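Numbering follows the numbering used here, in which position 185 of the sequence shown is assigned residue number 205; successive positions increment by one, without gaps.
Yeah, the Cβ is synthetic: ideal placement off N, Cα and C, and Gly gets one too.
Just so it is clear, the structure is predicted and the values come from calculations on it, not from any experiment.
Reading through the structure tokens given below for one structure.
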Amino acid sequence: MPPAKKLIEVALPLDAINAASAREKSIRHGHPSTLHLWWARRPLAAARAVIFASLVDDPEDPSANPAFVAACRDLPGDGPNVAREGDSPRMKLFDFIERLVTWEATTDETIMGQARELIRIATDGNPPPLLDPFAGGGSIPLEAQRLGLEAHASDLNPVAVMINKAMIEIPPRFAGMAPVNPRDRKNLFTTEAQSSQRAVGGSVPVESGRGDSVNRPQAARLSQWKGAAGLAADVRYYGEWMRERAGSCSRDEDMSRL
Ligand SMILES: C[S@@+](CC[C@H](N)C(=O)[O-])C[C@H]1O[C@@H](n2cnc3c(N)ncnc32)[C@H](O)[C@@H]1O
Numbered sequence: 021m022p023p024a025k026k027l028i029e030v031a032l033p034l035d036a037i038n039a040a041s042a043r044e045k046s047i048r049h050g051h052p053s054t055l056h057l058w059w060a061r062r063p064l065a066a067a068r069a070v071i072f073a074s075l076v077d078d079p080e081d082p083s084a085n086p087a088f089v090a091a092c093r094d095l096p097g098d099g100p101n102v103a104r105e106g107d108s109p110r111m112k113l114f115d116f117i118e119r120l121v122t123w124e125a126t127t128d129e130t131i132m133g134q135a136r137e138l139i140r141i142a143t144d145g146n147p148p149p150l151l152d153p154f155a156g157g158g159s160i161p162l163e164a165q166r167l168g169l170e171a172h173a174s175d176l177n178p179v180a181v182m183i184n185k186a187m188i189e190i191p192p193r194f195a196g197m198a199p200v201n202p203r204d205r206k207n208l209f210t211t212e213a214q215s216s217q218r219a220v221g222g223s224v225p226v227e228s229g230r231g232d233s234v235n236r237p238q239a240a241r242l243s244q245w246k247g248a249a250g251l252a253a254d255v256r257y258y259g260e261w262m263r264e265r266a267g268s269c270s271r272d273e274d275m276s277r278l
């Protein structure tokens, strides 16, 4: 029997992917386009759908991975494709893809976790790495990383390389770590100072993730910095600091011209 076709070779819920891609243009908060303008940036929804559909079988194919077909059957059957076309593994997968491509899915660990699990099953536990040698604004490697793949990116243009470093290389290195800036560190250590003295085990040192010892209540507080939240707090703090410094420099210049 010939190998199963991948979903992307057969069919995709294009209307939903197009709608999610168009909607992204008006998203201003948290979208990579706010990090740096990139003129030819591809929509994240399209990149996510294309990568996902390139990795999973068409569940209607007679040679499709049986474990993957079973996983598709287990997906919820309450979406528009099942309602319109009937209850089949492919229509359930279409409904899942329609949820996966929304902007909201990027921060929904349930949906993203399900997508990673479907890819894991479809690839027999061995998802391939992804290389985008012309990565530009980084939509493809970013979505590959979100879908649990090892992502590699390169580009001729150093600005594109910088964008990709900032988006897919640096954040994972600081994942789960607390910020280092004095404002957030002060909150971290002073708010817990009194309670930690009273707490059982309050003086037992544990590692904070950046090399300094903290006690157990502080460690619990440190663990609240999920994903790149600690890094984002540092970028916010030092960004404000730079803006203030730049503002006072330009004010000084204006004064000297008077
Ligand atoms: C259409 S853009 C890629 C857009 C990207 N997929 C995105 O979502 O932002 C094409 C990229 O290829 C890069 N490029 C062109 N020629 C190249 C070459 N010979 N080697 C590496 N990158 C190259 C350009 O700098 C540009 O960033």
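Within the region 129-178, complete beta strand (DSSP E) segments of at least 3 residues are found at 150-152, 171-173, given in chain order. The closest CA to that of A39, considering only P82, S83, I117, K26, is found on I117. Within its own chain, the residues whose Cβ lies closer than 6 Å to the Cβ of P63, once the five positions on either side in sequence are excluded, are S41, E44, listed in chain order.
By the Cβ-count criterion, L176 is exposed, with fewer than 16 other Cβ atoms from all chains shown falling within 10 Å of its own Cβ. With a cutoff of 8 Å, F154 counts as near ligand 1, since its C-beta is closer than that to a heavy atom of the ligand. In the three-state reduction of the DSSP assignment, K112 falls in the helix class.
At a Cβ-Cβ threshold of 9 Å, R140 and K112 do not count as neighbours.
At least one heavy atom of ligand 1 sits closer than 8 Å to the Cβ of R62.
Remark: the shortest separation between the CB of N177 and any heavy atom of ligand 1 falls under 8 Å.
Linking A142 to R193 through their CA atoms gives a straight-line distance of about 28 Å. Here R110 is buried: its Cβ has 16 or more other Cβ atoms, across all protein chains shown, within 10 Å. Taking a C-beta distance under 9 Å as the contact criterion, I183 and P86 do not qualify as a contact pair.
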